[in-house]
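Here the structure is laid out as structure tokens; the discussion comes afterwards.
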Amino acid sequence: MMIHPFHVHGCSFQVVSRAGQPVDPRTEGHKDVVVVDRRGVEILLRVDQKADKKTPFMLHCHILQHEDAGMTGQFTVT
Ligand SMILES: [Cu+2]
2 MMIHPFHVHG
12 CSFQVVSRAG
22 QPVDPRTEGH
32 KDVVVVDRRG
42 VEILLRVDQK
52 ADKKTPFMLH
62 CHILQHEDAG
72 MTGQFTVT
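Rendered as structure tokens:
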């Protein structure tokens, strides 16, 4: 089973649930990276600044082969 250490630029986040189940309250702190597998992870982003189409935030898998294969994205905040 493949896992993906996902990173979101420009903000921190909390893991709300993993595989549809609430996470252990001891792990609710703000994160920089979250391990994602096929069961899914729900996160809550905290964003303190805007990001438009010229300077969007980026998210990606930290495994370079995955990132190069397209496991990357951008998003804007208004
Ligand atoms: Cu990956």
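Residue numbers (this note's numbering): 2 to 79.
Backbone N, C-alpha and C fix where the C-beta goes; we use that ideal spot for every residue, glycine too.
Inter-residue Cα distance where the pair is residue i and residue j
i	j	result
lysine 32	histidine 61	14 Å
phenylalanine 58	valine 34	15 Å
phenylalanine 14	alanine 70	25 Å
threonine 28	valine 16	8 Å
arginine 19	glutamine 50	27 Å
glycine 30	leucine 46	12 Å
Residue i and residue j closer than 8 Å at C-beta
i	j	result
valine 78	valine 48	yes
histidine 5	methionine 72	yes
Identity of the residues DSSP links to residue i by a beta bridge
i	result
proline 23	Ser18
leucine 43	It is glutamate, not leucine, that sits at residue 43 in the sequence shown. Answer by DSSP bridge pairing, in chain order: Ser18.
Any non-hydrogen atom of ligand 2 closer than 7 Å to residue i Cβ
i	result
methionine 59	Annotation note on ligand 2: not contained in the displayed structure, which lists ligand 1 as its ligands.
Integer-rounded CB distance, given that residue j should sit under 8 Å from residue i
i	j	result
histidine 8	histidine 67	Histidine 8 to histidine 67, Cβ: 12 Å. No contact.
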